[in-house]
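Inspection log for the structure reproduced underneath, given as structure tokens.
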Amino acid sequence: MITDWLDQNGDPEIKSFVSKNLAIVDQVHQVLADKEWSQADFAKAMDKRPSEVSKWLSGMHNLTLKSIIKMETVLGIDIIHTEPKKEFEYVFLGMVENQEALANQAVEYQESSYALAM
């Protein structure tokens, strides 16, 4: 019914909102089923009224980020996942062989550079 209305009215923002909201609700329903929790169990764990949780899980409620985070915490899952921006990525290339010889060469290089600078 709602998808028909969205198709007729064609507002991409509303369509995206409904789609993401329903995806969140579906994910929560799946986790509740996996945990064998009822909505009442979930409401109790969230310290919310069952009627409020029922409204959330209807798919027609505008979930706040705060309520989503609370759901994530109680359920132990990531509902909204964002990739952190990587500034650096470290790659292990292996072990350095002859570390002692290289350390000695580094000391000799530093000493010769110091002598040239004087």
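Numbering-wise (our numbering), the sequence shown opens with residue 57 and increments by one.
Every residue, glycine too, gets a C-beta built ideally from N, C-alpha and C.
In this text, all values refer to a predicted model and were calculated from it rather than measured experimentally.
Between the region 135–152 and the region 91–105, do three or more beta carbon pairs fall short of 8 Å? At 8 Å Cβ cutoff, the stretches do not touch.
Given 7 Å as the limit, tell me if V163 has its C-beta closer than that to any heavy atom belonging to the ligand FMN. Among the components modelled here there is no ligand, and therefore nothing to report on the ligand FMN.
Assign V84 to one of two classes, buried (16 or more other C-beta atoms within 10 Å of its C-beta) or exposed (fewer than that). Answer is buried; the Cβ neighbour count reaches 16.
Expected contact under 8 Å - CB spacing of W177 and S94 to nearest Å: With the chain covering 57 to 174 only, the question about residue 177 has no answer from this structure.
In angstroms, rounded to a whole number, what distance separates the CA positions of D90 and E128? 15 Å
How is Y165 classed by DSSP in three states: helix, strand or coil? helix
From F73, D67 and Q86, pick the residue whose C-alpha is nearest to that of H117; which is it? By alpha-carbon distance to H117, the top candidate from F73, D67 and Q86 is F73.
In the structure shown, what three-state DSSP assignment does W93 receive? coil
Just the Cα atoms here: how many angstroms apart are L121 and I80? 12 Å
Whether G115 touches N77 by CB criterion (8 Å): Yes.
Starting from I47, follow the alpha helix (DSSP H) in both directions and report where the run begins and ends. What the structure shows of the chain is the stretch from 57 to 174, and residue 47 is not part of that stretch, so it cannot be assessed.
Within 8 Å, strictly: CB atoms of I133 and V87: yes
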